[in-house]
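The sequence shown begins at 2 in our numbering and counts up by one.
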Amino acid sequence: MLDSLRGDEFASRTAAQAGQVRLGPLIRVAGQIPRGPKGPSSRHRDVLLSVQVDRSADGCLTSHYKWSATLDPETSEKIDGYRPPDAGPEWEQVGDTAQAVVAAVAPMTDYDVELLLHATGKLAVWAMRRGIPCDPEVWLRHETIDEFMLTGCPDLAPGSVRTYRACLRQIRAGLTWAQRGESEPPPLRAPRRTTPPYEPGELAALRDWAAHLPRRARLDAQAMLAMAAGCGLAPGELTTVQGPHVQVLKQGTVKIVSPGLQRLVVARAGWEEQLAEAAATAGDHYLFRPGRKTVHSKNLIGSWCHRHNPTGDLPAMSARRLRTTWIVELLSARIDSEVVAKAAGVSTSALGRYQQFVPPLDEKTATRLLRGHR
């Protein structure tokens, strides 16, 4: 089986090389290291920590640490017998090093040893062909891995390329290499895209479309429109509203007072009647899809929108886009941004991404606002 140098051999060899005097017995501590990403589901592998303390000629004490983890016979055999199918003569030069990398990292990752071998072996052979030194510290630099992904994997599908990249990065994270001031790579994520609002004509057409649906679908559509476009509720919020949560005040104002909404939610005037009717019809049940037994379920809104797709040139129904329409409408009405942010349940700075949809004021209106009152 693959194993590392025994603790006493390691300490003696290290002390001899450094010209140091060994002190006392070798200390061995049994412990565990996490296998795979940190978290409650992370598994662990038993390891042995060997510590030897030396005193140098100037009297300073130096501690030498060594972790040992023994692989099982099956894994050891797979690593020892591995050879890439298309390795070529380069494997003779890099094979032992690649196998050693996999042996060292196997106890600390959840990836199958076969994938570790394929990814490391392919990287090592590619590096040799590119003239990159046979040094795992160089192989596993972030820029080397990224270059390998771009130029060394033409035969792999996009999904496999991503898997190899993640695997190699976890191999790097599982090993302790001498760092040369290398910073962590920037996260590869696209900038957040803000859903555009519906145009006034599109929203009016959706209201008309909803009014002509079969009864149950019509009630669901009208409830979603009233709560998202009329009150600015997010998808996860509108599914929690029940009939008793909707309050109709004497002057006609309609509010939603729900235990899960810790803010003032007032319906826009053009949606008051529709929201009140939806609440009256729902009774003690949910306004949207009242037949369900749970508050939240996977794809509750998405599945409904998928089944009830508007025909013709009408845009698809989207609760997020309806909420965006509500936010942009309030901002376009020049309502104070702090009021809008509180009503939406977001920070004032979060409204910045919606400003691109707010039309600029005409010169006459801007002049009046800037002039003020005498």
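Glycine included, C-beta positions come from ideal geometry on N, C-alpha and C.
No experiment lies behind these values; they were computed from the predicted model shown.
Is residue i buried or exposed, if buried means 16 or more other CB atoms sit within 10 Å of its CB?
i, result
"Lys123", "buried"
"Asp363", "exposed"
"Glu10", "In this prediction, Glu10 has a pLDDT of 47, which is less than 50 and means its spatial position is unreliable; nothing more can be read from the coordinates."
"Leu6", "Its pLDDT being 38, under 50, Leu6 is placed unreliably in this model, and the coordinates cannot settle the point."
"Val255", "buried"
"Glu330", "buried"
"Arg163", "exposed"
"Arg322", "buried"
"Cys232", "buried"
"Val296", "exposed"
"Val103", "buried"
"Thr240", "buried"
"Cys61", "exposed"
"Gly175", "buried"
"Glu238", "buried"
"Gly303", "exposed"
"Pro74", "exposed"
"Leu371", "exposed"
"Glu144", "exposed"
"Ala167", "exposed"
"Gln252", "exposed"
"Thr76", "buried"
"Arg428", "Past the edges of the chain, shown from 2 to 375, lies residue 428, and the structure says nothing about it."
"Leu352", "buried"
"Ser64", "exposed"
"Glu273", "buried"
"Pro361", "exposed"
"Ile80", "buried"
"Leu315", "exposed"
"Ala191", "Only weak support exists for where Ala191 lies, its pLDDT of 49 falling under 50; the coordinates are left without a value."
Classify residue i as helix, strand or coil using the three-state DSSP reduction.
i, result
"Arg264", "coil"
"Lys294", "coil"
"Val54", "strand"
"Ala257", "Rather than Ala, the amino acid found at residue 257 in this sequence is Ile. Three-state result, Ile257: strand."
"Met318", "coil"
"Val341", "helix"
"His307", "helix"
"His143", "helix"
"Leu362", "coil"
"Ala158", "coil"
"Glu138", "helix"
"Ala334", "coil"
"Gly353", "helix"
"Cys168", "helix"
"Arg369", "helix"
"Ile133", "coil"
"Gly197", "The question names Gly, yet the displayed sequence has Pro at residue 197. Pro197: coil per DSSP, three-state reduction."
"Asp209", "helix"
"Leu204", "helix"
"Thr282", "helix"
"Thr325", "helix"
"Pro276", "In the sequence as displayed, the identity of residue 276 is Leu instead of Pro. If DSSP states are grouped into helix, strand and coil, Leu276 belongs with the helices."
"Leu1", "Outside the shown range of the chain, which is 2 to 375, sits residue 1, and nothing can be said about it."
"Thr152", "helix"
"Arg269", "coil"
"Gly175", "helix"
In the DSSP output, which residue or residues are listed as bridge partners for residue i?
i, result
"Tyr66", "Val52"
"Tyr287", "Gln243"
Taking 7 Å as the cut-off, is the beta-carbon of residue i closer than that to any non-hydrogen atom of the ligand ATP?
i, result
"Arg194", "No copy of the ligand ATP occurs in the structure displayed, which carries no ligand at all."
Given 8 Å as the limit, is there contact between the segment 111-122 and the segment 80-90, that is, 3 or more CB pairs closer than that? By the Cβ test, the segment 111-122 is in contact with the segment 80-90, since at least three Cβ pairs between them sit closer than 8 Å.
Touching by the beta-carbon criterion (3+ pairs, under 8 Å), the segment 132-147 and the segment 61-78: Segment contact: the segment 132-147 against the segment 61-78, fewer than three CB-CB distances shorter than 8 Å; contact not assigned.
Continuous alpha helix (DSSP H) assignments of at least 4 residues falling wholly in the segment 211-254: Here the runs fully enclosed are 216-229, 236-239.
Give the list of continuous alpha helix (DSSP H) stretches no shorter than 4 residues that lie fully inside the segment 79-130. Listed in chain order, the alpha helix (DSSP H) elements of length 4 or more contained wholly in the segment 79-130 are 92-106, 114-130.
Assess, as a yes-or-no matter, whether the segment 310-327 is touched by the segment 194-211 under the definition of 3 or more beta carbon pairs within less than 8 Å. The segment 194-211 makes contact with the segment 310-327, as at least three CB pairs between them are under 8 Å.
Could you check whether the segment 269-282 touches the segment 241-250, counting it as contact only if at least three pairs of C-beta atoms, one from each stretch, sit closer than 8 Å? Counting C-beta pairs with one atom in each stretch, the segment 269-282 and the segment 241-250 have three or more that are closer than 8 Å, which means they touch.
Should the segment 337-344 be called in touch with the segment 253-268, which here means at least 3 C-beta pairs below 8 Å? Here the segment 337-344 makes contact with the segment 253-268; the two share three or more CB pairs at distances below 8 Å.
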